[in-house]
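Visitor: Structure in C-alpha cells, see below.
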Amino acid sequence: MRAEDAPLIRLEDYRPSDWLIDTVDLDIALDPARTKVRALLQLRPNPAGRAGAPLTLDGDELTLDLVMLDDVALEPAAYAVSPQGLTIHAPPRRAFSLRIETTLDPGANTKLMGLYRSSGVYCTQCEADGFRRITYFLDRPDVMSVYTVRLEARKAEAPVLLSNGNLVAAAELPGGERHFAVWHDPHPKPAYLFALVGGRLDHVRQDYVTGDGRKVELAVYVEPGKAGRAGWALDSLVRCMRWDERVFGRNYDLDVFNVVAVSDFNMGAMENKGLNIFNDKYVLADPLTASDGDYASIEAIIAHEYFHNWTGNRITCRDWFQLCLKEGLTVYRDQEFSADERSRPVKRIADVRTLRSTQFAEDAGPLAHPVRPRAYKEINNFYTPTVYEKGAEVIRMLKVLIGAEAFSRGMDLYFERCDGTAATIEEFLDCFVEASGQDLADFARWYEQAGTPTVVASGRYDADAASYTLQLAQSTPATPGQAEKRPVVIPVALGLVGRSGDLPLTTLSPAMKADGVVVLDQASLSLTFTEVTEPPTPSLLRGFSAPVRLELDLGDGDLLRLFSADSDPYNRWQALQTVATRALVRAGKGDRSALDATAADLADALSGFLGGPTLPDSAFAAQVLRLPAPADVAREIGRDVDPELVHGVHRQLTAAIGGALAAQLMQLRTGLSERGPYSPAAAPAGRRALRNEALGLIALGAPAQGARLALAQFDEADNLTDRLAALAAMTLIPGPERETLIGRFGDLYAGEPLVLDKWLMAQALIPEEGTLARVKALMGHPAFSLGNPNRVLGLIGGFAANLTQFNRPDGEGYGFVADIVIALDRTNPQVASRLLGSFKSWRMLEAGRRAKAETALRMVKATPNLSRDVADIAARSLG
Ligand SMILES: [Zn+2]
C-alpha cells in the first residue's frame, strides 16, 4: 500500500472489538538478530461485538513461524497471513486459545518502535501501535489483558531482565550460560503499555511505603557507570508519589516500580505499567552534565509518567481519538506537581511560554487540529502540543469554571467509576457534570474546535455613576476542515486595579462567578461594575485563565502601571510582555519609529523593578527580564512575515534595553553570586536564571563587557547551567573568542553526548549566514549520528528552529532540512515526521520564502515510498 493511500481512520467509525483477549502469556528468548517470541492468547467473543465475526489480528513487518488454535495447527485455508496481519476466517464462537510464534531482529529495528536494541540494551516502545511489531495481536487500547511474561537471555549479555508487574520467578538455566525471569502484571492493560528491558544496567534503589501501607521497591536503571547520575530521578519519583497520594488520593498498586533510561528513544518517556522507559536525557543528572532546566524537566517527566499509572493505565483510552484523556489530564497533573514543588507563578509563566511557542504556532498553521481529533491517517503525528498542552489547559479551565471542590469530587468520581476501563472524554466530563451540577455541553466544544480564540476587551469608566463597563468579544479563526467556528466557554479571571490595589468587584451580571471569574460563553458580553470609586485599570485573564489571545484597549502607560501594581504575578509579567510584543510587531511590519521610545520605557520599568527596596523573587525576575522570542513576534504578525526584519528589530530592542541597564545588571549579577556548592533547588536555580538572563542582555547591549563576563563565568563555573549560559551569550558575539569557546566546550564534553546535544543546538541557533555551513560540518562530528533521535533533534531540530537561518531567503535552509527528512524517513519515520513539522508556520512567511518553503515541501511529498508518518505531515502541510 502506498502511504498516500493509507485509510483515514474516523472517530465516528469506532465500534467495539469483536474479540477480547483475557490473558497473554509471552515467552521471549532475547537474541540480537533472532529473538523468538512465543505468545499464548486466551480469546473470547466480545458480547458487545458481532457474533461469528472473523478474527483479524494486527501485525507490522512480522513473519509468522507458527499458529495453533487450542493447540491444534491450523489448516492453511483456515487463515490468511501477511506481515501486516493475521486473519482467522471462522474462529469458534466460544473462548479458545491461540498460540503464535514470531521471530524478530531487534538489532535491525531502526524505527525504535516495538522491540529494539539501544547501546546493547533490549527495550520496547509500544505506544501507539508498536506491540504489533512483536506479535500478531488486537493492538487497540480497548482490548485489555493480564500479562505473564517469561524473558530468557544470555546472562553475560542481559543480566537484568525486566517486564511489567511483579517478579514471580528467576533462575539460571542448566549450563549456567542463560537465565530467565518471569513477570506477572495482575492489572489488565492494553498492549501499548507492554514493556520489556534486557541488558547490562546499573541501578539505584529505595524502599517506599504507600499511604495505604504497600511496600514498594523503587529502582532507576541506567547504563553501567552512570548510577551516580540517577539519584535526582529517584528522589523526584519519591516526591511525586507522595504528592499524588496527598493531592489526588492515588496510591501505587504494585510491589515494584522500575524506571529505565535508554539512549535511543523517539519520545521523552513511556508510562508502561510498573516499568517506565525513559529517554536518558530525562533521567541522568549531575551538576556538571545537567542544567537547572534539565533537573526541572526530569522532575516533571518522572512525575508525568508516574501519574499515568492512574490517568492512562488504570483508566486508559477507549481509542486513540481520546489520547487527550490521558495526556492533557496528566500534563495538568505534572504541571500542578511542579508548581507545588517550585514557584507557582514562575511555573505558570514557563508553561504559557511553551504553550504559545508550540501550540499557538500549531493552531495557527496547516497542522491545526482539535484537542480531540476526529480523523487521522497516522496516530504518531498526533502526539502534539494541542493534545498535550492545550489538553492540559482545558482541564485547568474546567477547574476554574466549576471550582476546586467540585473538580476534586469529579476526579474522585472518575477514578472510582472508570477504574479498569478504557474510557472516553464524554465519560470523563460526565463525572464533572455530576460533581458540579453544571451543564458542560458547551464547554465540551474545547475538545472539538481547533484554533486559538481571540478575546477583544475594552472598558469605559463613568465617573458620575462610579461604574466601569467591560466589553468582551470572542472569535476563532478558521482552521483546516473547520471553516465555521462557534463561541467557546472562556473563563476570564479578572481584577480592577486601583491606586492602592484591587478594587471590590460589584456587579449584578450573571456572567460574574465567584473568585473574580467572568464566563464569556457567547460571542460578546458586556458587564458593568458599580461602586467603582476611581478609574480602574482592568487586569484580565489573570493566571492565563484560558488559552486565548487577548487584545486589550490599554495603552502602554496602563500596562506599565499593571506591571508595578497588579496583585496577580502572572499579569505583571504579561503586562511587560505585551508592551514589548506590540512594539516589536509594529516594528516587524516596518514601522520602527516608536521602538527606541519603547525600549526606554521598558528599561525604566525594569530598572525600577530590579532596584526597588526589596529584591524581587529571582526566578520571577528572570522571566520578567526575558522578552518575547522573535518567533512569538512573527506569530503575532501572522502574515507576510520577514524573519530577518523581525530578528533585527528584536535585537535592536534587546540591545537598547541591555545597553541602558548594563551597569545595573552587572551590579545585580555580583549580588547574586553563589557561594556554596551547586544545588538544583528552586531558590539557587532562580538566582542562576536571573544572573544568566542579565548576562544575555549585557552581551547584546554591551558586547565587550558581555564577552568578558561570559568567558570569566565559563572558567569559574562549577555547573553546566552557568557554562551553557556563557556559551549562549558568546554565540551572540561573533569573533575568534566565540570560536575558541565553542572549541573548548566541545573538548570538555567530548564524552558526554547529552551535553553535546546542547552544544550542537547552541551552534545551530546562531542567527548568522554561516550557520548552515556550520551545521553541515557538525554532521561530520564524531558525536553526531542520524540514528540517534537526541542528536538529530539537537542539531537539525535546533537549526529548524533558527528563525532567520532555517528561513534563509535563498531557500537553502528548507532544502537542507527536507533532504534530511527524506534520508531519515528510511530508518526512523517518527523522527523524520517530527522534523518535517518544523515547516508548520511556512504559510505566514513573505511571498519569496513562502514559495521556497512550498517547493521543499513538494519535493518531500513527491518522494517515492514515503512512510505514512512523513506522507501525512507533507500532505497536511500543503493542504
Ligand atoms: Zn504522557
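All letters in the sequence shown, in the order written, are residues 219 to 1097 by this note's numbering. Where a beta carbon is used, it is the ideal one built from N, C-alpha and C, also for glycine.
(1) Say yes only if the C-beta of GLU554 is nearer than 7 Å to one or more non-hydrogen atoms of ligand 1, and no if none qualify.
(2) Look at the Cβ atom of PRO753, then the Cβ atom of LEU802, and state whether they are nearer than 8 Å.
(3) Under the three-state reduction of DSSP, which class applies to SER836: helix, strand or coil?
(4) Beta-carbon separation of LEU455 and VAL477 under 8 Å?
(5) Please report the Cβ distance between GLU769 and ALA675, rounded to the nearest whole angstrom; I am assuming they are in contact, meaning their Cβ atoms lie under 8 Å.
(6) Should GLU517 be counted as a contact of ligand 1 given a C-beta to heavy atom distance under 7 Å?
(7) Just reading off the alpha helix (DSSP H) that GLN795 is part of, what are its end residues?
(8) Which value, in whole angstroms, describes the spacing of the CA atoms of LEU883 and ILE916?
(9) What does the alpha-carbon distance come out to for the pair ALA1069 and ILE613?
(10) For ALA1050 versus VAL1039, is the C-beta distance shorter than 8 Å?
(11) Determine which residues share a DSSP beta bridge with PRO709 and list them.
(12) Could you pull out every residue in the same chain whose Cβ sits closer than 6 Å to the Cβ of ALA661, ignoring the five residues on either side in sequence?
(13) Cα-Cα, which of ARG1061, ALA1041, GLU1064 is closest to GLY1053?
(14) Does LEU356 come out as helix, strand or coil in the three-state DSSP assignment?
(15) Hey, GLU517 and GLU559: beta-carbon distance below 8 Å or not?
(16) Could you tell me whether the segment 1063-1079 touches the segment 842-861, where touching means 3 or more Cβ pairs closer than 8 Å?
(17) Suppose the cutoff is 6 Å on Cβ atoms and the five residues either side in sequence are ignored; what does the same chain contact list for ALA388 look like?
(18) Buried or exposed, going by whether 16 or more other CB atoms sit within 10 Å of the CB of SER763?
(19) Indicate the three-state DSSP secondary structure (helix, strand or coil) for SER381 in the structure shown.
(20) Can you check the segment 425-492 for any alpha helix (DSSP H) of at least 4 residues that lies completely inside it and give the ranges in chain order?
(21) Can you tell me which of GLY621, VAL378, CYS341 puts its alpha carbon nearest to the alpha carbon of ILE495?
(22) Quick check on ASP245: does DSSP put it in helix, strand or coil?
(23) Who are the near neighbours of PRO408 in its chain, counting only those whose CB is closer than 6 Å to its CB and skipping five residues on each side?
(24) On a CA-only basis, which of GLU1064, THR1045, ARG1086, TYR1032 is nearest ARG1076? Give me that one, please.
(25) Look at the alpha carbon of ARG418 and the alpha carbon of ILE597, and state the distance between them as a whole number of angstroms.
(26) Once DSSP output is grouped into helix, strand and coil, what is the label at THR748?
(27) Assuming LEU631 contacts GLU644 under a Cβ cut-off of 8 Å, what Cβ separation, rounded to an integer in Å, is found between them?
(28) Going straight from the alpha carbon of LEU250 to that of THR1081, what length do you get?
(29) Short of 6 Å in beta carbon distance, which residues of its chain neighbour PHE349, apart from the five on each side in sequence? Order them along the chain.
(30) For LEU983, name the three-state secondary structure that DSSP assigns.
(31) DSSP three-state label for ASP1087, please.
(32) DSSP three-state call for THR725: helix, strand or coil?
(33) Compute the beta-carbon to beta-carbon distance between LEU938 and PRO505, rounded to the nearest angstrom, for a pair I have assumed lies under 8 Å.
(34) Locate the beta strand (DSSP E) running through PHE650, then write down its first and last residues.
(35) Since VAL867 and ALA852 should fall inside the 8 Å C-beta cutoff, what is the C-beta to C-beta distance between them, to a whole number of angstroms?
(36) Where does TYR365 fall in DSSP's three states?
Guide: Inspection of the coordinates gives the following:
(1) Position 336 of the sequence shown, counting from 1, holds the residue named residue 554. At a cut-off of 7 Å, the beta-carbon of GLU554 does not count as near ligand 1: no heavy atom of the ligand is closer than that.
(2) Residue mapping note: residue 753 aligns to position 535 of the sequence shown, counting from 1. Residue mapping note: residue 802 aligns to position 584 of the sequence shown, counting from 1. With a cutoff of 8 Å on beta-carbon distance, PRO753 and LEU802 are scored as not near each other.
(3) One-based indexing of the sequence shown puts residue 836 at position 618. Residue state, collapsed to three classes: helix.
(4) Residue 455 sits at position 237 when you count from the first residue of the sequence shown. Residue 477 sits at position 259 when you count from the first residue of the sequence shown. Their beta carbons are under 8 Å apart, which means LEU455 touches VAL477 by this criterion.
(5) Translated into the one-based positions of the sequence shown, residue 769 becomes position 551. Translated into the one-based positions of the sequence shown, residue 675 becomes position 457. Rounded, the Cβ-Cβ distance is 7 Å, consistent with contact.
(6) Working through the sequence shown from its first residue, we reach residue 517 at position 299. Checking the Cβ of GLU517 against ligand 1 gives no.
(7) Indexing the sequence shown from 1 puts residue 795 at position 577. Counting along the chain, the alpha helix (DSSP H) containing GLN795 begins and ends at 787-806.
(8) The residue labelled residue 883 in the question sits at position 665 within the sequence shown. The residue labelled residue 916 in the question sits at position 698 within the sequence shown. Between LEU883 and ILE916, the C-alpha separation is close to 7 Å.
(9) Along the sequence shown, read from residue 1 onward, the residue named residue 1069 stands at position 851. Along the sequence shown, read from residue 1 onward, the residue named residue 613 stands at position 395. If you take the alpha carbons of ALA1069 and ILE613, they lie about 39 Å apart.
(10) Against the sequence shown, residue 1050 aligns to sequence position 832. Against the sequence shown, residue 1039 aligns to sequence position 821. Taking C-beta atoms as the reference points, ALA1050 and VAL1039 count as a pair closer than 8 Å.
(11) On the sequence shown, residue 709 is found 491 positions in, with the first residue counted as 1. VAL737.
(12) For the purposes of this step, residue 661 is taken as the residue at position 443 of the sequence shown. For clarity, residue 661 is Phe in the given sequence; the question names Ala instead. Excluding its 5 nearest sequence neighbours in each direction, PHE661 has C-beta neighbours in its own chain below 6 Å: VAL707, listed in chain order.
(13) Residue mapping note: residue 1053 aligns to position 835 of the sequence shown, counting from 1. Rather than Gly, the amino acid found at residue 1053 in this sequence is Leu. Scanning ARG1061, ALA1041, GLU1064 for the CA closest to the CA of LEU1053 turns up ALA1041.
(14) In the sequence shown, residue 356 corresponds to position 138, counting from 1. LEU356: coil per DSSP, three-state reduction.
(15) Counting from 1 along the sequence shown, the entry for residue 517 is found at position 299. Counting from 1 along the sequence shown, the entry for residue 559 is found at position 341. Result yes, Cβ atoms of GLU517 and GLU559 sit closer than 8 Å.
(16) Short answer: they touch.
(17) On the sequence shown, position 170 is the one that residue 388 refers to. Excluding sequence neighbours, ALA388 sits near ALA399.
(18) On the sequence shown, position 545 is the one that residue 763 refers to. With 16 or more other Cβ atoms inside 10 Å of its own Cβ, SER763 counts as buried.
(19) Residue mapping note: residue 381 aligns to position 163 of the sequence shown, counting from 1. SER381 carries a strand assignment under DSSP once its states are collapsed to helix, strand and coil.
(20) The DSSP assignment places 449-466 as complete runs of the alpha helix (DSSP H) inside the segment 425-492, in order along the chain (cut-off: 4 residues).
(21) Start at 1 with the first residue of the sequence shown, and residue 495 comes out as number 277. ILE495 has its Cα closest to that of CYS341, out of GLY621, VAL378, CYS341.
(22) For the purposes of this step, residue 245 is taken as the residue at position 27 of the sequence shown. Reduced to three states, the DSSP call for ASP245 is strand.
(23) The residue you call residue 408 lines up with position 190 of the sequence shown. Cβ within range, chain order: PRO359, MET362, THR534.
(24) Within the sequence shown, the letter at position 858 stands for residue 1076. Residue TYR1032 is the option with its Cα nearest to ARG1076.
(25) For the purposes of this step, residue 418 is taken as the residue at position 200 of the sequence shown. For the purposes of this step, residue 597 is taken as the residue at position 379 of the sequence shown. Between ARG418 and ILE597, the C-alpha separation is close to 33 Å.
(26) By 1-based counting over the sequence shown, the position of residue 748 is 530. DSSP places THR748 in strand when its eight states are reduced to three.
(27) Position 413 of the sequence shown holds residue 631. Position 426 of the sequence shown holds residue 644. Contact flag wrong, Cβ pair sits at about 14 Å.
(28) If you number the sequence shown from 1, residue 250 lands on position 32. If you number the sequence shown from 1, residue 1081 lands on position 863. Here residue 250 turns out to be Pro, not Leu, going by the sequence shown. Their Cα atoms are separated by approximately 32 Å.
(29) Here residue 349 refers to the residue found at position 131 when the sequence shown is read from its first residue. Only PHE355, ASP357, ALA409, PHE412 meet the Cβ criterion.
(30) Taking the sequence shown and counting its residues from 1, one reaches residue 983 at position 765. DSSP places LEU983 in coil when its eight states are reduced to three.
(31) Taking the first residue of the sequence shown as position 1, residue 1087 is located at position 869. Here ASP1087 sits in helix by DSSP.
(32) Reading the sequence shown from its first residue, position 507 is the one you call residue 725. Three-state result, THR725: coil.
(33) Looking up residue 938 in the sequence shown gives position 720. Looking up residue 505 in the sequence shown gives position 287. Between PRO505 and LEU938 the Cβ distance is about 7 Å, and since that is below 8 Å, they are a contact.
(34) Within the sequence shown, the letter at position 432 stands for residue 650. Counting along the chain, PHE650 falls outside any beta strand (DSSP E), though it belongs to the alpha helix (DSSP H) covering 643-654.
(35) Counting from 1 along the sequence shown, the entry for residue 867 is found at position 649. Counting from 1 along the sequence shown, the entry for residue 852 is found at position 634. Contact flag wrong, Cβ pair sits at about 11 Å.
(36) Start at 1 with the first residue of the sequence shown, and residue 365 comes out as number 147. In this structure, TYR365 counts as strand in the three-state DSSP scheme.
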